[in-house]
Structure formats: structure tokens, C-alpha cells
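The structure under discussion appears below in the form of C-alpha cells.
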Amino acid sequence: MTLRIWAMLPVLMLLVACGGSSSSGPASSGALPDHDEPPLEDPEQDNPPEEPSPPEGGRLAGVVQKGPFQAGSKVTLVPLILGAVDEGARVLETTVDEQGRYAFAATGLSGPALLKVQGYWFDERNGRFSSEPITLRAVVNVADGKGNINPLTDLISARLQAALAEHDDDYPAALQSTLLEYHALTGLRMPPGALDMLKGFIVGETLDVAYYQEVGLLPMILSAMAQGGMEGLAAAREGFAAGGAENEEARAFWQTMWTGYAELIAEHNDESALLTHLQGHLSGQYPHASGEAFPPYLGGVQSLLAGYAPSCSPGPDGSHSEHNRRLCLGGDGQSLMVGGEYGQAGLYLDAPTDASYRVVVQQSDPVPNDAPVYLESVSTGNSNASLYEQCQNHGNCSVATSARRQGSRMYFRIRTGGEARQVRVYVERLGDGHPQQPMVIAPDRVPHHGRAGIRDGGSTPPLTHSAYATENSFSHYFFYVGVGDKTLVVDNFLCGDEVLPPAWGMEILLAKVSGQGYETVASSPGARNCEGIRHDIVAGETGLYYLRVHPDYERATGTQPSSVSHDYRIRLLPR
């Protein structure tokens, strides 16, 4: 089957390459008396005051951002023992430079430590420095030599300190456990202390697309936090430490980010225009070095954080005949009346991210048996629109969309010739990504959980919907392998006691991407067991990969696509 990623190749060609100090004591020079009299005694000579020696080793440097902090802002560093501040340790201090960076030439430390910064920050929304100072924290590993500070590092800092106590100061293990909750709350995958909104992109490098996606979105996320208010950060930090992703204070703070994000989008019409505005102010104040630029746009906040955004508002009920009822992904859906005096209901869905979707209509109990309910996918928002797909049932039924780009609008209609009844309508996401915009994942950091598509087909003729169903079933991904000797595992589907059609299977295709196109690396026609597929990526095979996952509907049920759907998991494990 043809792999349709050519529209992404201009971006991919940008992304893919071919391939201690010392110290001495105080000097004592000066002439001795030229006679035999003893020199005058110094009462302090026997117990001179001890001067602290400058520390040796343990260089630490990074950037301080919400946006970048003003030059002269004070940065302090103190070691942690089992996650707690070492009260007897010396507190080191330095200041931020003109680029919003700090550096300790030597700290004398090698393990976990707490960084704090206080000062004014550059507001990339209006191009000037803030009128009020703020304080931010980050828990770093001095042995890494680098660590950045931003509101996201502050958010996880108290929980990371607690994790250090649980893991006996094993920083990598503590960070990994913290990132699992961080991902569950925010949808973000990269360690926030690795992100730098001024990070320069160099054309021709082989780059981690997941990292550069989050770097590109960092100005929008942090600006949205400021727009929604930073007052709740301290409470969110402590709440996240105590209750993780389910803590109400942490969830409320993340909700303020989405509120601020919606306000920013309203000001700038779309995400691309907003990002251009923010980066314009940043580059004016902090120009890149020659040959560097901001990374390419690799998908927006909603695309990256799909499933973490709050459910949209259904809006007013409006007319039943017009397509003005808004469907929202997630949540409990909405209830409405159809049939009898209520007539039909018209609905629409604006795709929140690049993906395909399923719309489900669920009838209330008891279900009237005088006539079935029809759920139809139609081409435009009018009563005479062409029919794309239809299902009819006295109970529940669903229709599905083809792969959709973020923001594209789909129309649906519910009707019945029978008596009035109440129905509930909700939306689920099916395949991830789009052929021209695959979803960027980081399976080495966070396992990705996807779903193989589903559709009913109903009364639509097979010749109309067979190829359409195949398109519904596709999930498209990009992921980066920076270090070889990894094993890609796609599994956790077809498990348990499910009864499957004899010929049903999961199709998986893996391809290595370069500036010239792609090369198929592995394929698995009709994988049928819980284990799925395993493919080793050895040293020398690092770079950008494309992965496609979809169920083989056609072999399973002939002309009628299967209505079975399965979740699956994508991981990149050490060999």
C-alpha cells in the first residue's frame, strides 16, 4: 500500500541529516627586622579566621525562562540529600547573563540539587520585561552539567524531591517516575529541564522531532500560563507532589493554561500566527547565532496534547434541522431529542487534532421500537447534503470519518421516522495522525497508547465505503531514535478472551525516513497475538522513523469492514 507522507518531506529534509580550578593560601612576604628583637605577636595569629575555599568541579549551566529572565537575576544552588535541602551546605550564587543564561563554573557537587531564580522576565507577548518579579525552582542533577529552569520545572520540583527520597537519590529513576505523572497531567513527554524556547535549529542536523516539537510549543504554553495567571503555581506544585495528576490544584492550574491558550488563539486567529508573533519578539531581543533558526512547526498544542485539553462547550441547542449543534471530543457528550415533533438534529465536529474520529448515537432506555434511528455522516451542513456514511438501529450505532486535518469540519445528522426519543451523542478518536501530518511520539520516554479504528457501515453500499473504512483504520506516527540498540515493540492488542474473525489481523509498517524519501524497514501482515511485533534498531540505524498501524478489515470480513476495535501500545526499549 502506498505510503503517503510526501507532503511532509520538505519539513523532513530540514529535520534529517545525511546522518578544575586550584587555590593557594595567602602569601607572606615582607622584610624581617634587622635586629634580634622578636616580632610583635598577633593575637589572631594562632587562630586565623577560616576563609571558605572555592569549590572545585561540578560545572552547571542552563537557561532561565518564563520567557528569558532579565540579566542580573539571582540564581542560587544548594545540594539535596534524599530530596531534602542540606541545611549545613553552602548556598552558591550566580546571576543571569544577557541571554537569560546562568553558569556555575564549579560547584563541588555531583548529585541532585535545588536551583532557584528570582527576577523579572521577558514577556514575549508584548516584547518587554515584566513589571513584577517571580521565583521559579528546578531540581537538577549536577552530574549532568546542565539544567534549565521554567514554570514546568517548578511544577514538578516538589514531587521530584519526594521521588529522590523514595529512590535513594537515584536522579534518573526519580525523574522517570515523576515524568509518568507529569505526562498524565499535561500530555508532555520531554523532561521540562531539557527544554529551551531559544534553542536554535540547524538545517541538516538529525534531530529528535518530539523534543523540537515541545521546544516550539514552549513559548505558547508558558505564555498561556501567564495569560491565565501564575498565582496558582505554588499550590499546583504542592498539590502535584501530594496527589500527582489527579490532584485538584494541579488540574486547576493546568486548566488555567488552556484558558489562557484559548484567549491567545482568539487574539491571533490560529496557532501558527500566535507562534510567529511570540517568536518574533523573542528573536528581536535574543537573536540566534548565524546558521540557526527556530525549529520547523511540527504540530500545535492541541495536536500534541490531544486528550489533555478540556472538553469544548457544546454551545446553544439551536435548531434541530440546521447543523449548529457542536460535538466535542471526550466527556459525556450531549443529550438531545429527535423524532416526532422535534424532527431531525444536525451536528458538526471541528477536528481538534490530525486524526480520524467516530461519532456514536446511544438511545435512552427503553428504546422505542416503532422506527430505527439513523445516524448519517454528510458532506455539508444542509438537509440535502450528500451522504458519506449511514447506520440505522433500534439501539446504538456509529459512523466514522476519514483521516482529518486539525480544524477541518465534519457534519452529521440524526433522524427517525418514529416517535420522539432522547439520544446521547459522543465522539471518540480513532486512528492517530494524518498521512501528511503523522503524530509525533516519543516511545522511548512514554509508551504511546493508540486505537485501531472502527466503523459500522450500516446500509451504505459496500463499494462506497470499503476503501473509506481502510482510511479510517490508519494511524500514522513519527518517532526519533537517537541511540541505537533499541527494540521497537508494538503490542498489547488482541489480548484476553476475545473472539476474533479467522482472518483478522493487525497491519504494521515501519520505514526509515530521509531527505530523499523513505525505505521500508519492517512490516507485519496480519499480526494476531498479544505480543505484536518486535524489531531491533541497531547502532548505525539511528534517525527518523515512520510507523503505520491499522487492522486488516478487508481480509477479515470481505466487503463489509469489521466493527471490532482494539487499543495497542508502542514502546522503544533497550535491547
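Residue numbers (mature numbering (1 follows the signal peptide of the UniProt record, and there is no 0)): -29 to -1, 1 to 546.
By construction, the Cβ of each residue, glycine as well, lies at the ideal position given by its N, Cα and C atoms.
Computed from a predicted model, the values in this text were never measured in an experiment.
Problem - Between the CA atoms of H537 and A233 - distance to the nearest angstrom - result: Their Cα atoms are separated by approximately 33 Å.
Handout entry: Cut-off 8 Å between Cβ atoms - residues of its own chain near A521, not counting five sequence neighbours on either side
Key = As written in the sequence, residue 521 is His, which differs from the Ala given in the question. Cβ neighbours of H521 beyond the five flanking positions: G402, A423, G424, T441, S444, F445, S446, M477, E478.
Problem - Residue closest to I508, alpha-carbon to alpha-carbon, out of V460, S44, R222, R519 - result: With distances taken between CA atoms, I508 lies nearest to V460 out of V460, S44, R222, R519.
Handout entry: Y345 versus K483 - alpha carbon distance
Key = If I take the Cα positions, the gap works out to 44 Å.
Practice task
Assign S(-1) to one of three DSSP states: helix, strand, or coil.
Solution key: Confidence at S(-1) is low in this model, with a pLDDT of 33, below 50, so its placement is unreliable and no value can be given for it.
Practice task
Tell me F172's beta-bridge partners as DSSP assigns them.
Solution key: Here F172 is bridged, per DSSP, to A264.
Handout entry: Close beta carbons around V49, own chain, < 7 Å, minus the five adjacent residues each side
Key = The answer, listed in chain order, is V56, D57, A60, V62, A84, L85.
Practice task
State the DSSP-derived secondary structure class of L11, mapped to helix, strand or coil.
Solution key: Note that L11 scores a pLDDT of 44, beneath 50, so its modelled location is shaky and nothing firm can be said.
Problem - Sub-8 Å separation of L320 and M381 beta-carbons - result: By the CB criterion at 8 Å, L320 and M381 fall inside the cutoff.
Practice task
For M161, name the three-state secondary structure that DSSP assigns.
Solution key: Here DSSP, grouped into helix, strand and coil, assigns M161 to coil.
Exercise for the section: With a threshold of 16 other CB atoms inside 10 Å of the CB of H405, please say whether the residue is buried or exposed. Expected result: Result: buried.
Problem - the region 162 to 179 touching the region 31 to 48, judged by at least three CB pairs closer than 8 Å - result: They touch, by the three-pair rule.
Problem - Nearest residue (CA-CA) to A244, options Y268, Y257, S254 - result: For A244, the nearest C-alpha among the options comes from Y268.
Problem - DSSP-derived helix/strand/coil call for I412 - result: Three-state result, I412: coil.
Handout entry: C-alpha distance - T351 paired with E293, whole-angstrom precision
Key = Within the model, the alpha-carbon separation for T351 versus E293 is close to 11 Å.
Problem - CA nearest to the CA of Y142, picked from S128, A155, E263 - result: Nearest of S128, A155, E263 to Y142, Cα basis: S128.
Practice task
Indicate whether the contact test is met: 3 or more Cβ pairs, each with one atom in the region 413 to 422 and one in the region 349 to 369, closer than 8 Å.
Solution key: Because the criterion of three Cβ pairs below 8 Å is not met, the region 413 to 422 and the region 349 to 369 do not touch.
Exercise for the section: Starting from V272, trace the alpha helix (DSSP H) both ways and give me its first and last residue. Expected result: Counting along the chain, the alpha helix (DSSP H) containing V272 begins and ends at 272 to 275.
Handout entry: S274 versus G29: straight-line alpha-carbon distance, rounded
Key = In this structure, the alpha-carbon of S274 lies about 39 Å from that of G29.
Handout entry: Residue(s) in a DSSP beta bridge with W229
Key = According to DSSP, W229 bridges with nothing at all.
Practice task
Return the CA-CA distance between T149 and E137, expressed in angstroms with no decimal places.
Solution key: Between the alpha carbons of T149 and E137 lies a gap of roughly 11 Å.
Handout entry: Contact between the region 212 to 222 and the region 258 to 265 (3+ Cβ pairs under 8 Å)
Key = With contact defined as three or more Cβ pairs closer than 8 Å, the region 212 to 222 and the region 258 to 265 are not in contact.
Exercise for the section: Given a cut-off of 8 Å, decide if N355 and V332 are closer than it, judged by their beta-carbon atoms. Expected result: At a Cβ-Cβ threshold of 8 Å, V332 and N355 do not count as neighbours.
Exercise for the section: Indicate whether A195 and A207 have their beta-carbon atoms separated by less than 8 Å. Expected result: In this structure, A207 does not lie closer than 8 Å to A195 by Cβ.
Exercise for the section: Using only alpha-carbon positions, find the residue among P545, E399, D456, D303 that is nearest to Y328. Expected result: Among P545, E399, D456, D303, the Cα nearest to that of Y328 belongs to E399.
Exercise for the section: With a floor of 3 residues, list each beta strand (DSSP E) that falls wholly inside the region 103 to 166, ordered by position along the chain. Expected result: If we require 3 residues or more, the beta strand (DSSP E) runs fully inside the region 103 to 166 come out as 105 to 112.
Problem - Helix, strand or coil at F211 [DSSP, three-state] - result: Helix at F211.
Exercise for the section: Could you check which residue in G486, L253, T458, G503 has the C-alpha nearest to that of L544? Expected result: Here the closest residue by C-alpha is T458.
Exercise for the section: Might you give, ordered along the chain, the residues of its own chain that have their beta carbon closer than 6 Å to the beta carbon of G33, omitting 5 neighbours on each side? Expected result: Only residues of its own chain outside the window of five on either side were considered, and among them K117, G118, N119 have a CB closer than 6 Å to the CB of G33, listed in chain order.
Problem - Among D140, L135, L188, nearest to R160 - alpha-carbon criterion - result: For the residues D140, L135, L188, the minimum Cα distance to R160 belongs to L188.
Handout entry: Alpha-carbon to alpha-carbon, A413 and L253
Key = The alpha-carbon separation between L253 and A413 amounts to approximately 27 Å.
Exercise for the section: Determine, using beta carbons only, whether P190 and E95 come nearer to each other than 8 Å. Expected result: It is a contact, given that the beta carbons lie within the stated cut-off.
Handout entry: T431 to A237 span [Cα, whole Å]
Key = Any reading at T431 is ruled out, since the residue's pLDDT is 41, under 50, leaving its predicted position unreliable.
Problem - Cβ neighbours of P104 in the same chain (closer than 7 Å, five flanking residues each side left out) - result: Only Q89, G90, Y91 meet the Cβ criterion.
Exercise for the section: Using the DSSP secondary-structure output, state which residues sit across from Q377 in a beta bridge. Expected result: DSSP, once it has assigned bridges, lists no residue as partnering Q377.
Practice task
Tell whether a beta-carbon distance below 8 Å holds between Q250 and S306.
Solution key: The answer is no: Cβ separation not under 8 Å.
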